[in-house]
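When we follow numbering that gives the first Met the number 0, the leftmost residue of the sequence shown carries the number 0, and every step to the right adds one.
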Amino acid sequence: MTLKEIAKEAGVSISTVSRVLNQPNTKAASAQVQERIWNIVRKTGYVPNPVARELRHALQPTPVMQSIYGLIACSPGEVRDDPFFPRIISSIEQEAFQSNFVLKYTYSMLEFQTPAAARQSGGCDSDNLIIVGRFQPSLLTSMKKRFRNIVYVGLNNLEAECDQVLCDCFFAVRDTVRYFYDRNHRNIAFIGAEQEGRYRGYLEGLRLCGLPPCPEHLVQINTLSMDGGLQGMKQLLSQNRNITAVICANDMTAIGALRACKELGVQVPDEISIIGIND
Numbered sequence: 000m001t002l003k004e005i006a007k008e009a010g011v012s013i014s015t016v017s018r019v020l021n022q023p024n025t026k027a028a029s030a031q032v033q034e035r036i037w038n039i040v041r042k043t044g045y046v047p048n049p050v051a052r053e054l055r056h057a058l059q060p061t062p063v064m065q066s067i068y069g070l071i072a073c074s075p076g077e078v079r080d081d082p083f084f085p086r087i088i089s090s091i092e093q094e095a096f097q098s099n100f101v102l103k104y105t106y107s108m109l110e111f112q113t114p115a116a117a118r119q120s121g122g123c124d125s126d127n128l129i130i131v132g133r134f135q136p137s138l139l140t141s142m143k144k145r146f147r148n149i150v151y152v153g154l155n156n157l158e159a160e161c162d163q164v165l166c167d168c169f170f171a172v173r174d175t176v177r178y179f180y181d182r183n184h185r186n187i188a189f190i191g192a193e194q195e196g197r198y199r200g201y202l203e204g205l206r207l208c209g210l211p212p213c214p215e216h217l218v219q220i221n222t223l224s225m226d227g228g229l230q231g232m233k234q235l236l237s238q239n240r241n242i243t244a245v246i247c248a249n250d251m252t253a254i255g256a257l258r259a260c261k262e263l264g265v266q267v268p269d270e271i272s273i274i275g276i277n278d
């Protein structure tokens, strides 16, 4: 497979394919076209022409393409609803490609939950695994039997012996409480999962603003999804109609919360304000 053949199958120019594969965050093509090109790369196992790369890099030898694997470690409902995880995986794939790595396969959490499922997921030809999302550190033991190099990308620091790339939403939620407080909100609620950074940031934000935590202002949901936000918002409003602001743990939860308000006839933002954490 060559760039010319990829371009023909994707229905774009060779230069467009080259930019998409070699320039992260390029605006040479729409997101849909870029995904079409990457799908062809995955399907065909395309490897850049080493001669062309040597010319481009002043005849320096090109390393052999190595493979890595990905794991989206969250519930199927969250994967289905939330574009956040596929975008992270796509960015990993593009960045890896620049360093002569190819993302061979992306697992779901179900493939590691039981020994039988792990065996059925088949072998792999790589020591490298990147985990995106929430997972139990106890599962790391079985993963280390298959992968030597494991990197976790997420929002919460894990008590696990592996490299971790963290986006600490503790501060994002803490500052969101202050944002609402400065706009004269005093009944600020939270919809999300307990025992993680976003929840702790919510409690810290209340403390810094001098607001006591109220059990009726907190709703814990099983999945950070649209359905979780829908059910969580309904529960929240049934417990306390004095709430004027709600912080949702992610954007999909916030969309579900908006749906609940629409069904219940609650006006946003006239009667209640909503913020989702992610983008």
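Virtual Cβ for every residue (Gly too), placed ideally from N, Cα, C. In this text, all values refer to a predicted model and were calculated from it rather than measured experimentally.
Residue i versus the options, residue with shortest Cα-Cα distance
{"i": "Gly-10", "options": "Asn-21, Gln-31, Gln-22, Thr-25", "result": "Gln-31"}
{"i": "Cys-166", "options": "Phe-189, Phe-146, Arg-133", "result": "Arg-133"}
{"i": "Met-108", "options": "Ile-91, Leu-138, Ile-36, Asn-38", "result": "Leu-138"}
{"i": "Asn-241", "options": "Thr-252, Glu-270, Arg-258, Met-225", "result": "Glu-270"}
{"i": "Ile-264", "options": "Leu-236, Ala-95, Asn-221", "result": "A small fix is needed here, since residue 264 is Gly in this sequence, not Ile. Residue Leu-236 is the option with its Cα nearest to Gly-264."}
{"i": "Arg-173", "options": "Ala-248, Ile-88, Ile-87, Thr-243", "result": "Ala-248"}
{"i": "Thr-243", "options": "Phe-96, Ser-14, Val-267, Ser-98", "result": "Val-267"}
{"i": "Ile-87", "options": "Lys-261, Val-164, Arg-199, Lys-3", "result": "Val-164"}
{"i": "Asn-38", "options": "Thr-25, Ile-5, Asn-99, Thr-15", "result": "Ile-5"}
{"i": "Glu-193", "options": "Arg-182, Arg-185, Asp-181, Pro-214", "result": "Pro-214"}
{"i": "Leu-128", "options": "Tyr-151, Val-16, Ala-256", "result": "Tyr-151"}
{"i": "Phe-146", "options": "Gly-153, Cys-161, Leu-154, Leu-157", "result": "Cys-161"}
{"i": "Ala-27", "options": "Ile-36, Thr-15, Arg-35, Asn-21", "result": "Thr-15"}
{"i": "Gly-191", "options": "Phe-100, Thr-252, Arg-41", "result": "Thr-252"}
{"i": "Cys-73", "options": "Lys-261, Asp-278, Asn-221", "result": "Asn-221"}
{"i": "Val-101", "options": "Leu-20, Pro-82, Met-225, Ile-274", "result": "Leu-20"}
{"i": "Met-142", "options": "Gly-69, Phe-169, Cys-208", "result": "Gly-69"}
{"i": "Leu-183", "options": "Phe-170, Cys-208, Lys-261", "result": "First, the residue type needs correcting, since residue 183 is Asn and not Leu in the sequence shown. That would be Cys-208, whose Cα lies nearest to the Cα of Asn-183."}
{"i": "Gln-22", "options": "Lys-7, Pro-85, Ser-90, Asp-181", "result": "Ser-90"}
{"i": "Gly-275", "options": "Lys-261, Ala-256, Cys-260", "result": "Ala-256"}
{"i": "Met-225", "options": "Ala-159, Glu-34, Ile-149, Asp-81", "result": "Asp-81"}
{"i": "Gly-153", "options": "Arg-35, Phe-169, Thr-140", "result": "Phe-169"}
{"i": "Gln-97", "options": "Tyr-198, Ser-17, Cys-260", "result": "Ser-17"}
For residue j and residue i, believed in contact at Cβ under 8 Å, the rounded distance
{"i": "Ser-125", "j": "Ser-66", "result": "4 Å"}
{"i": "Ala-188", "j": "Leu-210", "result": "That pair is no contact at about 11 Å."}
{"i": "Ser-272", "j": "Phe-179", "result": "7 Å"}
{"i": "Val-176", "j": "Ile-246", "result": "7 Å"}
{"i": "Gly-228", "j": "Ile-254", "result": "6 Å"}
{"i": "Asn-155", "j": "Gly-200", "result": "With 8 Å as the limit, Asn-155 and Gly-200 do not qualify as a contact, their Cβ atoms being about 11 Å apart."}
{"i": "Ile-71", "j": "Thr-43", "result": "So it is not a contact: roughly 23 Å between Cβ atoms."}
{"i": "Asn-277", "j": "Phe-83", "result": "6 Å"}
Bounding residues of the alpha helix (DSSP H) (the contiguous stretch that carries residue i)
{"i": "Tyr-178", "result": "168-180"}
{"i": "Lys-233", "result": "225-238"}
{"i": "Gly-209", "result": "Note, Gly-209: premise wrong, no alpha helix (DSSP H); not H, not E."}
{"i": "Gln-93", "result": "83-97"}
{"i": "Ser-14", "result": "13-21"}
{"i": "Gly-255", "result": "250-263"}
{"i": "Gln-31", "result": "30-43"}
{"i": "Leu-2", "result": "2-9"}
Span of the beta strand (DSSP E) around residue i
{"i": "Asn-127", "result": "127-131"}
{"i": "Cys-247", "result": "244-247"}
{"i": "Val-152", "result": "148-153"}
{"i": "Leu-70", "result": "65-71"}
{"i": "Ile-187", "result": "187-191"}
{"i": "Thr-105", "result": "100-107"}
{"i": "Ser-141", "result": "Ser-141 -> not in any beta strand (DSSP E); alpha helix (DSSP H) instead, spanning 139-143."}
{"i": "Val-218", "result": "217-219"}
{"i": "Val-164", "result": "162-165"}
{"i": "Ile-319", "result": "The structure shown does not extend to residue 319, since the chain spans only 0 to 278, so no value can be given for it."}
Contact test: residue i Cβ vs the ligand COA heavy atom, cutoff 8 Å
{"i": "Thr-43", "result": "No copy of the ligand COA occurs in the structure displayed, which carries no ligand at all."}
*Pairing CB atoms from the region 197-208 with CB atoms from the region 230-237, are three or more of them under 8 Å?*
no
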